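Just below is one structure, and these are the notes that go with it.
In the UniProt record's numbering, the protein residues as written are 1 to 165.
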């Protein structure tokens, strides 16, 4: 299921789900969650597989620790920060999906303000006042860039030491 979900581009699958459910903010969020969960599952699984192959996990098993204790004490603290970094990076992609769906009219409906809907409304006035498209487009670009920079900065932070690496 995960491989088949990841084989289809996110925006295509999201458009299909929202198209079936109807355009609304709730349906758009539901569709994005349904589409994005597979990448989180794969990422977390790869982290857990990597950590469980470490020597200290083997030592903890040999010392008689239960699986619950190993997960709680050794695995969960190790996967927390990578998940936060992945989520910060993924936030930009999610905002692009939301803006794209709203631009197509499948997202939040008027009068709810949304950057993609603002871009869609501004296309009617592009010949006369092209700067009307500039501000929502710039807001999207800056937000996605900020998510990228935050993710990059968090990736360099060592949570166990409490400082940058």
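Glycine included, C-beta positions come from ideal geometry on N, C-alpha and C. This one's a predicted model, so the numbers in the text were calculated from it and none came from an experiment.
Next on the checklist: Checking 8 Å against the spacing of the C-beta atoms, do residue 17 and residue 34 come in under that value?
Outcome noted: For residue 17 and residue 34, yes; Cβs fall inside 8 Å.
Checklist entry - Which ranges would you report for the alpha helix (DSSP H) in the UniProt domain "ABC transmembrane type-1" (1-151) if only whole runs of at least 4 residues count? => result Listed in chain order, they are 2-7, 10-21, 25-52, 55-62, 67-70, 76-103, 115-122.
Item to check | residue 86 versus residue 149 - alpha carbon distance | outcome: Whole-angstrom Cα-Cα distance: 12 Å.
Checklist entry - Less than 8 Å separating the beta-carbons of residue 32 and residue 94? => result Their beta carbons are under 8 Å apart, which means residue 32 touches residue 94 by this criterion.
Checklist entry - In its own chain, which residues sit with a C-beta less than 6 Å from the C-beta of residue 43, not counting the 5 before and 5 after it? => result Once the five neighbours on either side are set aside, the close Cβ partners of residue 43 are 86.
Item to check | Cβ-Cβ separation, residue 92 to residue 147 (assumed contact under 8 Å), whole Å | outcome: The pair is a contact, with the Cβ atoms about 4 Å apart (cut-off 8 Å).
Checklist entry - How many Å lie between residue 117 and residue 57 at the Cα? => result If I take the Cα positions, the gap works out to 50 Å.
Item to check | Residues of its chain near residue 140, where Cβ-Cβ distance is below 6 Å and the 5 sequence neighbours each way are ignored | outcome: Counting only Cβ-Cβ distances below 6 Å, and skipping sequence neighbours, we find 99, 115.
Checklist entry - Given a threshold of 16 other Cβ atoms within 10 Å of its Cβ, counted over all protein chains shown, does residue 102 qualify as buried or as exposed? => result Under this definition residue 102 is a buried residue.
Next on the checklist: Rounded to whole angstroms, what is the Cα-Cα separation between residue 82 and residue 3?
Outcome noted: Each residue's CA atom was taken as its position, placing residue 82 and residue 3 some 21 Å apart.
Checklist entry - From residue 41 to residue 151, what does the alpha carbon distance come to, in whole angstroms? => result Looking at the two C-alpha atoms, the distance is approximately 19 Å.
Checklist entry - residue 62: buried (16+ other C-beta within 10 angstroms of its C-beta) or exposed? => result Taking a 10 Å sphere around the C-beta of residue 62, we find fewer than 16 other C-beta atoms and assign the residue as exposed.
Checklist entry - When the Cα of residue 11 is compared with those of 97, 25, 128, which residue comes out closest? => result Of the candidates 97, 25, 128, the residue whose Cα lies closest to the Cα of residue 11 is 97.
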